[in-house]
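Numbering (the working numbering), first residue to last: 500 to 809. We put the CB at the ideal spot given by N, CA and C, even for glycine.
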């Protein structure tokens, strides 16, 4: 199993480190445009293999995609991170050019790869990668729902003073202010969360989840990396090990939820072929309304990207 991570910054390096530590791939290639940067990160990760006891080899490359040839899975983290005062949508012009260029290089050397996009704004960057590579939608997806769901679960675990391991939840829609947390599908040890927490506290947690990325940007002056990198690694693991995990990922919808030609986060079964199946939840009217609001926002950003391409 060979996995390439494009972008050796905080998110990409964290993803590569998790992949190596968990021995998810035999070979992990880190690629970056900065001279020696990916090589240094890869060497650092390899040098702790005797300490953490893993055999995965990490290799760095300065913009040499020949080293990525025949990758089974590729994670794209390239792009500028958010700074205070910036929205994810502010990044569209610069990061779209980066992601498009990376995708062309990837498919030239690994035409059979499954592509996972992490770059922001996530939904439209997944769109950019998909129309560039022209692969089936099942092999091009974005990482957002796992991160958003993890934040939601972490906040709930803190409020309830329970283990986050016992909390299961689902979030739909775009990665940003219009994401759609689903308390109705949230359980703690199988118990509906609404039986364990009052509505006011739950609503506050939902709002904090929606603003989770912005909260970290304000605190650190840049985007998060531990949770996003680990979330991307979880997707790689589900595919590499054919786990058939039910996870929320961003994918082009083809009629599911009554939506076509829009890239949104929905639950899927993730296995060796990528997205094995899109799961369509039975949403109530309020949830459908929120999802439609999210769809409109993502579609607006997609159309803005289309205008830039002309």
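Taking all protein chains shown into account, decide if residue 624 is buried (16 or more other Cβ within 10 angstroms of its Cβ) or exposed.
-> So residue 624 counts as buried.
Does the distance from the C-beta atom of residue 570 to that of residue 598 stay below 7 Å?
-> Contact: no.
Pull up the DSSP beta-bridge partners for residue 761, would you.
-> 752
Got a sec? Which residues, its chain only, sit under 6 Å from residue 650 by beta carbon, not counting five neighbours each side?
-> 708 and 711
For residue 672 versus residue 793, is the C-beta distance shorter than 7 Å?
-> yes
Going by alpha carbons, who is nearest to residue 810 out of 803, 797 and 756?
-> Residue numbering for the chain in the displayed model covers 500 to 809; residue 810 lies beyond these limits and cannot be assessed.
Within the same chain, show all residues whose beta-carbon is closer than 6 Å to that of residue 471, passing over the 5 residues directly before and after it, in chain order.
-> Residue coverage of the chain in this structure runs from 500 to 809, which leaves residue 471 outside it and unanswerable.
Which residue comes first and which comes last in the beta strand (DSSP E) that contains residue 558?
-> 556-561
The beta strand (DSSP E) spanning residue 503 covers which residue range?
-> Per DSSP, residue 503 is one residue of the beta strand (DSSP E) stretching across 501-505.
Cβ atoms of residue 520 and residue 554: under 7 Å apart, would you say?
-> no
Are residue 801 and residue 734 touching if we call contact CB-CB under 7 Å?
-> no
With respect to the beta strand (DSSP E) encompassing residue 529, which residues constitute its N-terminal and C-terminal limits?
-> 526-531
Mind checking which residues open and close the beta strand (DSSP E) that includes residue 547?
-> From DSSP, residue 547 is part of no beta strand (DSSP E); its letter is neither H nor E.
Mind checking who residue 744 pairs with in its DSSP beta bridge?
-> DSSP, once it has assigned bridges, lists 769 as partnering residue 744.
Shortest alpha-carbon distance to residue 795 belongs to which of 728, 675, 573 and 609?
-> For residue 795, the nearest C-alpha among the options comes from 675.
How is residue 797 classed by DSSP in three states: helix, strand or coil?
-> helix
For my contact list, residue 606 and residue 632 are in at a C-beta cut-off of 8 Å; report their separation, rounded to the angstrom.
-> 5 Å
Apply the 10 Å Cβ neighbour rule to residue 736 and answer buried if 16 or more other Cβ atoms are within range, or exposed otherwise.
-> buried
Flag this pair as yes or no: are the beta carbons of residue 510 and residue 527 separated by less than 7 Å?
-> no
Residue 641, DSSP secondary structure in three states | In this structure, residue 641 counts as strand in the three-state DSSP scheme.
Assign residue 778 to one of three DSSP states: helix, strand, or coil.
-> coil
So the alpha helix (DSSP H) residue 738 belongs to, where does it begin and stop?
-> Annotation for residue 738: the continuous alpha helix (DSSP H) segment containing it runs 725-739.
Reduced DSSP secondary structure (H/G/I, E/B, other) of residue 673 = coil
Rounded to whole angstroms, what's the CA-CA distance from residue 719 to residue 648? Just pull it up for me.
-> Whole-angstrom Cα-Cα distance: 21 Å.
Exposed or buried, which one is residue 611 when buried takes at least 16 other CB atoms within 10 Å?
-> Exposed: under 16 other Cβ atoms inside 10 Å.
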